[in-house]
Amino acid sequence: MVLTPLEHELDSSGPLDGSVIEVRGLTKRFGDEVLAVDRLDFTVARGSVCGLLGPNGAGKTTALRMLVGLVRPSSGEARVFGTRVTPSNPVLQRVGAMIEAAAFYPYLSGTSNLRLYWEAGGGRWPPPNLDDALAIAGLGNAVERRVKTYSHGMKQRLGIARVLLGEPEILMLDEPTNGLDPQEIREVRRLMQRLADTGTTILLSSHLLGEIEQVCSHVVVMDRGHLVSAGTVAELVAGTRWVYFEVDDTTRAAEVLGRHPGVLGVTPEPPGLTVELDGIPRSAAVEALVAGGVAVETVTARNRLEDAFLGLLRESAGA
Amino acid sequence: MTAVLRAELAKQLRRPRTYVALGIVGFIPVLITIALWASPPEFSGRGGTGTFFYYATQTGLFIPAVSLVVLSRLLLPFVVAVFAGDALAAEGGWGTLRYLLVRPVSRGRVFVAKLITVIFFATIGSMLIVVTGLIAGTIAFGWNELPPIASLFGLDQPPGEIARNMFVATLYVGWSMAAAGAFAFMVSTMTDVPAGAIGAGFGLFMTSQIVDQIEPLDEYRNILPTHYLEAWTSLFNPRYSDGEMLSGILIQIPYVIAFCAIGWWWFHRKDIKS
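Chains as they are written, first to last, in numbering that gives the first Met the number 0: chain A, 0 to 318; chain B, 0 to 273.
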C-alpha cells in the first residue's frame, strides 16, 4: 500500500521500530538550583509494559509530566506516537495518564466527575466502555456519592476508571498503588496485566521493585534525574553478581571470602552474608568457605531486581 | 469551546458554595428592606445617597439603590473576587487541573471558559441585587411615585424609568468590579491557593478605595478603578450628571486587558506542578 503524505501522518504509529514513546535528551531545570530530570533517554515499544523505577525524588513524576505536556522541558523532547508532546497536544487523546494521586471535584459524585471530565474534552456521554470502566473501579452504588466521602483507595480506583474511559492506547500510571490496601494492590496489578494482554502500552512509575518485577517486561531506572539503566527486566536481573550465603559463622566466612580472589565485596546480613562475585563460579566460593572451615547451609543467587536496582544505584552514586 | 464551557458552568451550578455566595448577595436587599421597615429614617435634606434611604421608605423602587450603596464597597467585590480568584486556583488545589489539561483540553480553552463562567456568575450576583431589591421593596413599600420633595433634587422620573435605571445602575456597579475581578483571576492562574487569589482581588479593591481617600493625590485618583464607583447615582440626579459614569466604565478597560493578558501569558507558559 502506498501512503499519501496525509495518510502517512494520520497513521502516526510511530517510527519503524515500533516505539510509541520516545524520550530524547529530556531535561527539566526548575530555577537555577534544581535539575529534576537530566538528559533522559528511553523508548517504550508498542504493547510493552515498562516500569519507570527510581527512589523518591528521582524525577519520575517530572518526566511523566513532561510526557503529557504539563511541564515544559528545558531541553530535549518527548514524543508520543511520533508526535512531539506540547501542552494539551491532541495526541494525548490516545493516552490515559494518571499523574500522582487521582483528583476529583469533591462536591460532585463519582459519576458526575467522570461525566464532566469526559464532556469537557468534547466526548459524548456515556462513552462506549463506561460500564467496563465502572466495573474496574468496583465502587458499586458509591459511584453516585460525593467524592468527598470516598476513601483514598476508592479515589484511586475511580481515577483508573477515568483514564480508561477513552480506551487509551498508552496508559501512564504514576505510582498507582500508592496508599492502596493489599487487596486493592492485587486488583490494580491484575488490571494492568489484563490491559497489557489486550495490547495497551503501559508506562508505570514506581519505587516498588516487586511491582515492577511482577508487572513489567521492561524497566527504566532513574536516580537523581538521570537515566541509570534501561532494558528488559530479564537483562537487568542477569547483570547482577550477588550471592547470598547462609553459614554457621559469618565472621569467619567474611574473613575467608574477603581475601579470596574474584570476590569484590562482602556484606554481613545475619544469618548469612551477601557477596559480590567477579565472574568466579559460586561453587568456587563454596569450596573456599568449606576449606576455611565454614559450614554452608544455603546458597541463593541474589539475581533479583531489588539487588540489581540497589547495585545500579550504588554504581550511579559512585560515578 | 462550548463543550468545556458547558462543563465549567455545570461545575459551578452544582457547587453549593455558588448558592451561598449568590444567596448572601441576594438576601442583603431583603435585610435592608426589613431594617428600613422596622426603623424608617427621617428625610435628611442633604441630598446624595443618604437621601436614597428616605426615598426607599416611600417607594420600594429605591431599595435596589440603597442596596447598591451598601453592597458595592465590600460584599459585592468580595463575592466577585471569590468567583474570579477561585476559578483556576481551586482546580490547582484539588489537582483536577492536570486531568482537564491532559484530557486534553487546551489551556486557552480552559482559560476562556473559566473567564466566561466568572463573568456569568458575577453578573448574576450583581443582578440579584436589583431583582430581590425590587421584589422586597415593592412588597414592603409599594411601587410608588417618588415623594414630591424629590423633585427639588431634580428627581422626577416616573416609576418605570426608575426601575429601568436601577438595572442600569446595577450593571454599572457590576462592571466596576471588573478590574478587581480580573486581578483575582490573574493571580488565580499563578497559585494553587484560592484564598490567595481571592485576597489579592479583594485587596486591590480595598486598597483602591483607601488610596481614593487621600485628598492630596487630587486628580491622580481618577485612574483608580474604584474612583467612579458611585457615579451611577447621577442616574437619579440628572442635574449633576457630568459623564462620570462613562469615565467609570472606561477606566476598567485598561486594567481588565492588562490583567487578563498577563494571566493568559502566565497560564500558557506555566509548568503545572499541582
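Every residue gets a Cβ at the ideal spot worked out from N, C-alpha and C, and that includes glycine.
* Leaving aside the five residues before and after W263 of chain B along the sequence, list all residues of the same chain whose C-beta is less than 7 Å from its C-beta, in chain order. => F110
* To do: Run the CB neighbour count on V246 of chain A, radius 10 Å, all protein chains shown included, and call it buried at 16 or more, exposed below.
  => buried
* Decide if E210 of chain A is buried, meaning its Cβ has at least 16 other Cβ atoms within 10 Å, or exposed. => buried
* **For A178 of chain B and A257 of chain B, the rounded distance between their alpha carbons** => 9 Å
* Asked: Distance, Cα to Cα, G57 of chain B vs S125 of chain B?
  -> The displayed chain sequence assigns Gln, not Gly, to residue 57 of chain B. If I take the Cα positions, the gap works out to 24 Å.
* **Pairwise C-alpha distance: C49 of chain A and S18 of chain A** => 12 Å
* Asked: Which residues does DSSP pair with T267 of chain A in a beta bridge?
  -> The question names Thr, yet the displayed sequence has Pro at residue 267 of chain A. Note: P267 of chain A sits in a beta bridge opposite A:L272.
* In this structure, does DSSP put R114 of chain A in helix, strand or coil? -> helix
* To do: Using a Cβ-Cβ cut-off of 7 Å, state whether L4 of chain B counts as contacting chain A.
  => no
* Determine contact between the segment 167 to 179 of chain A and the segment 199 to 213 of chain A, defined as no fewer than three beta-carbon pairs at a distance below 8 Å. => yes
* Asked: Contact check, L60 of chain B vs L133 of chain B under 8 Å by CB: the rounded distance?
  -> 7 Å
* Asked: Is G136 of chain B closer than 7 Å to I209 of chain B when the C-beta atoms are compared?
  -> no
* Asked: Which two residues bound the contiguous alpha helix (DSSP H) that contains E21 of chain A?
  -> Not the alpha helix (DSSP H): E21 of chain A falls in the beta strand (DSSP E), residues 18 to 29.
* To do: Quickly, what does DSSP pair H225 of chain A with across the bridge? List them, please.
  => A:D222
* Let me know if S150 of chain A comes out buried or exposed under the rule of 16 or more other beta-carbons within 10 Å of its beta-carbon. => exposed
* Asked: I think A119 of chain A touches A2 of chain B, with their Cβ atoms under 8 Å apart; what is that distance to the nearest whole Å?
  -> 6 Å
* Asked: What residues from the segment 95 to 129 of chain B come within 9 Å of chain A, judged by C-beta to C-beta, listed N to C?
  -> T95, L96, R97, Y98, L99, L100, V101, R102, P103, V104, S105, R106, G107, R108, V109, A112
* Compare the Cα-Cα distances from T273 of chain A to each of A:I20, A:F103, A:P105, A:A253 and report the closest residue. => A:A253
* **Cα-Cα separation, H267 of chain B to V81 of chain B** => 23 Å
* Asked: Could you check where the beta strand (DSSP E) with D130 of chain A kicks off and where it finishes?
  -> D130 of chain A -> not in any beta strand (DSSP E); alpha helix (DSSP H) instead, spanning 129 to 136.
* Asked: Any C-beta of chain B sitting closer than 7 Å to the C-beta of E118 of chain A?
  -> yes
* To do: Measure the C-alpha to C-alpha separation of C259 of chain B and G107 of chain B and round it to an integer number of angstroms.
  => 12 Å
* Which of helix, strand or coil does DSSP assign to Y104 of chain A? -> coil
* To do: Could you name the residues of the same chain whose beta carbon sits closer than 7 Å to that of G46 of chain A, not counting the 5 residues immediately before and after it, in chain order?
  => G198, T200
* To do: Take S112 of chain B as the anchor and find which of B:M0, B:S273, B:Y227, B:G247 has the nearest alpha-carbon.
  => Checking the sequence shown, residue 112 of chain B turns out to be Ala, not Ser. Among B:M0, B:S273, B:Y227, B:G247, the Cα nearest to that of A112 of chain B is on B:M0.
* Asked: Distance, Cα to Cα, M176 of chain B vs F51 of chain B?
  -> 22 Å
* To do: In angstroms with no decimal places, state the Cα-to-Cα distance between L74 of chain B and P125 of chain A.
  => 41 Å
* **Assumed close pair A102 of chain A, V67 of chain A - CB separation to whole angstroms, cut-off 8 Å** => Between V67 of chain A and A102 of chain A the Cβ distance is about 14 Å, and since that is not below 8 Å, they are no contact.
* Asked: Closest by CA to E314 of chain A, which one among A:R71, A:L226, A:S111, A:G158?
  -> A:L226
* Asked: Which residues mark the beginning and the end of the alpha helix (DSSP H) in which C259 of chain B is found?
  -> 243 to 268
* Can you tell me which of the three DSSP states F80 of chain A falls into? => coil
* Y18 of chain B, buried or exposed, once every other Cβ within 10 Å from all chains shown has been counted against 16 -> exposed
* If the cut is a Cβ gap below 9 Å, which residues of chain A does P15 of chain B touch? -> Y106
* Do the segment 159 to 172 of chain B and the segment 82 to 102 of chain B make contact, defined as three or more Cβ pairs closer than 8 Å? -> no
* Alpha carbon of S11 of chain A to alpha carbon of V22 of chain A, nearest angstrom -> The predicted model places S11 of chain A with a pLDDT of 42, which falls under 50 and marks its position as unreliable, so this point remains unresolved.
* According to DSSP, which residues form a beta bridge with A96 of chain A? -> A:M171
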